[in-house]
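J.: Handing you this structure, nothing more for now.
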Amino acid sequence: MHCSDCCRALQSTPELALESALQAGIDDYLGYLEATRRASRHTLAAYRRDLALLSTCLAQAGIDTAQGIDAAAIRQSVAALHRRGLGSRSLQRFLSACRGLFNHLVSNGTLRVNPALGVAAPKGPRKLPATLDVDQTARLLDAEPQSWESLRDGAIMELFYSSGLRLSELCRLDLPELDLDGALVTVTGKGNRTRTIPLGAQAAQALRRWLQARGLCARAAHHAAVFISRRGTRISVRAVQKRLEQQGRARGLSQRLHPHMLRHSFASHLLESSGDLRAVQEMLGHANLSTTQIYTHLDFQHLAKVYDAAHPRATRRRGGADD
Numbered sequence: 034m035h036c037s038d039c040c041r042a043l044q045s046t047p048e049l050a051l052e053s054a055l056q057a058g059i060d061d062y063l064g065y066l067e068a069t070r071r072a073s074r075h076t077l078a079a080y081r082r083d084l085a086l087l088s089t090c091l092a093q094a095g096i097d098t099a100q101g102i103d104a105a106a107i108r109q110s111v112a113a114l115h116r117r118g119l120g121s122r123s124l125q126r127f128l129s130a131c132r133g134l135f136n137h138l139v140s141n142g143t144l145r146v147n148p149a150l151g152v153a154a155p156k157g158p159r160k161l162p163a164t165l166d167v168d169q170t171a172r173l174l175d176a177e178p179q180s181w182e183s184l185r186d187g188a189i190m191e192l193f194y195s196s197g198l199r200l201s202e203l204c205r206l207d208l209p210e211l212d213l214d215g216a217l218v219t220v221t222g223k224g225n226r227t228r229t230i231p232l233g234a235q236a237a238q239a240l241r242r243w244l245q246a247r248g249l250c251a252r253a254a255h256h257a258a259v260f261i262s263r264r265g266t267r268i269s270v271r272a273v274q275k276r277l278e279q280q281g282r283a284r285g286l287s288q289r290l291h292p293h294m295l296r297h298s299f300a301s302h303l304l305e306s307s308g309d310l311r312a313v314q315e316m317l318g319h320a321n322l323s324t325t326q327i328y329t330h331l332d333f334q335h336l337a338k339v340y341d342a343a344h345p346r347a348t349r350r351r352g353g354a355d356d
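Numbering-wise, this note's numbering comes out as the position in the sequence shown, counting from 1, plus 33.
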């Protein structure tokens, strides 16, 4: 039987895995994980299942010793398990168990090299980023601030949505990097790359209001950070995350609001209106256009909804056949 039938074989004749000569090495490795690495019962059970799958796949390929295993055999096993329905995450865990086993066998002299080192799991479908629609965004940003903190939070949210900053970029932002008269903000992003991004009029207005309130903090003069805490220190990443989550709940958003959701919404809405992927790439600070192209999928979803709602041939008319 070919390796592609390994999962079926495991279900029908699991003793094949246990009778393999490789099983001694597997048992020794699991014992090492339990006694030396103090692995949890959950981890041990998962690795035991994954290594039983490996043993069965190899047995079905005619391999019953550790010395007979090479990278091609591991790739065959991964491909077979993938065809039988194992997802990307499960295959990544399977390969992690394999690499751990083979590292153990290399360390005790059973193997010379780890045959699983160069083998990668198939990539799963890329999850599209969550975004707010325009109405949700307006409900979030149009709320009138009632406190010092809400003035700051409003300016933070406006800046995320207006200019698509990363969370780390916003927290590191200093006063000299804001040009409210020129409606520009300069940030240093990944790879120490600096970019200058336009500021929307409403974001600039929210920032002006915040900077006035910021000046009321006695310790603010001692810090260059745009966004500070009540103690006058630079606001932390975690504090921004918590405050945005609270603001989202207060505005009745059904999903949990996080900083990247506003960045994603900025990119999606801008691409939706302009169609200029290169401009969106520049403003997001992506080094490669391929990173930005995920937003074209969001834009296509929007176009598909518009098409379904507006095109006369998109859907079957109620109460009768198509013309």
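Beta carbons are placed, not taken as given, at the ideal position from N, Cα and C, and that holds for glycine. Keep in mind the model is a prediction, meaning the values are calculated, not measured.
Kindly confirm or deny that the stretch 290-302 and the stretch 191-204 touch, where touching means at least three C-beta pairs closer than 8 angstroms.
T.: The stretch 290-302 vs the stretch 191-204: in contact.
J.: Look at the alpha carbon of Leu232 and the alpha carbon of Arg122, and state the distance between them as a whole number of angstroms.
T.: Counting from 1 along the sequence shown, the entry for residue 232 is found at position 199. Counting from 1 along the sequence shown, the entry for residue 122 is found at position 89. Going by the C-alpha atoms only, they are around 40 angstroms apart.
J.: I want to check one thing, is the minimum distance from the CB of Gln56 to the heavy atoms of the ligand COA below 8 angstroms?
T.: Among the components of this structure there are no ligands whatsoever, and the ligand COA is therefore not found.
J.: Mapping DSSP to helix, strand and coil, what is Ala57?
T.: For the purposes of this step, residue 57 is identified with residue 24 of the sequence shown, where counting begins at 1. It is helical.
J.: Are Leu63 and Leu77 touching if we call contact CB-CB under 9 angstroms?
T.: Here residue 63 refers to the residue found at position 30 when the sequence shown is read from its first residue. Here residue 77 refers to the residue found at position 44 when the sequence shown is read from its first residue. Yes, the pair counts as a contact, with Cβ atoms nearer than the cut-off.
J.: Between the beta-carbon of Val259 and the beta-carbon of Leu240, is there less than 9 angstroms?
T.: For the purposes of this step, residue 259 is taken as the residue at position 226 of the sequence shown. For the purposes of this step, residue 240 is taken as the residue at position 207 of the sequence shown. Going by C-beta atoms, Val259 is nearer than 9 angstroms to Leu240.
J.: Please return the same chain residues whose Cβ sits closer than 7 angstroms to the Cβ of Thr143, not counting the five positions on each side in sequence.
T.: If you number the sequence shown from 1, residue 143 lands on position 110. Same-chain partners within the cutoff: Gly58 and Ala99.
J.: If I'm right that Glu278 touches Arg289 with Cβ under 8 angstroms, what's the distance once you round it to whole angstroms?
T.: Start at 1 with the first residue of the sequence shown, and residue 278 comes out as number 245. Start at 1 with the first residue of the sequence shown, and residue 289 comes out as number 256. The distance from the Cβ of Glu278 to that of Arg289 is about 6 angstroms, consistent with a contact at the 8 angstroms cut-off.
J.: Residue ranges of each alpha helix (DSSP H) run of no fewer than 4 residues wholly in the stretch 102-129, ordered along the chain?
T.: 104-116
J.: Give every residue of the same chain whose Cβ lies closer than 6 angstroms to the Cβ of Glu210, excluding the five residues on either side of it in the sequence, and list them in chain order.
T.: Walking along the sequence shown from the start, residue 210 turns up at place 177. Excluding the 5 residues flanking it on each side, Glu210 has same chain C-beta neighbours closer than 6 angstroms at Thr219, in chain order.
J.: In terms of DSSP beta bridges, what is Val218 paired with?
T.: By one-based count along the sequence shown, residue 218 stands at place 185. The partner list for Val218 (beta bridge, DSSP) reads Leu211 and Ile230.
J.: Cβ atoms of Gln109 and Ala94: under 9 angstroms apart, would you say?
T.: Position 61 of the sequence shown, counted from the first residue, corresponds to residue 94. Position 76 of the sequence shown, counted from the first residue, corresponds to residue 109. Against a cut-off of 9 angstroms, the Cβ pair of Gln109 and Ala94 comes out as a contact.
J.: Given a cut-off of 9 angstroms on the beta-carbon distance, is the pair Leu184 and Arg242 in contact?
T.: For the purposes of this step, residue 184 is taken as residue 151 along the sequence shown, with counting starting at 1. For the purposes of this step, residue 242 is taken as residue 209 along the sequence shown, with counting starting at 1. Yes. Within cutoff.
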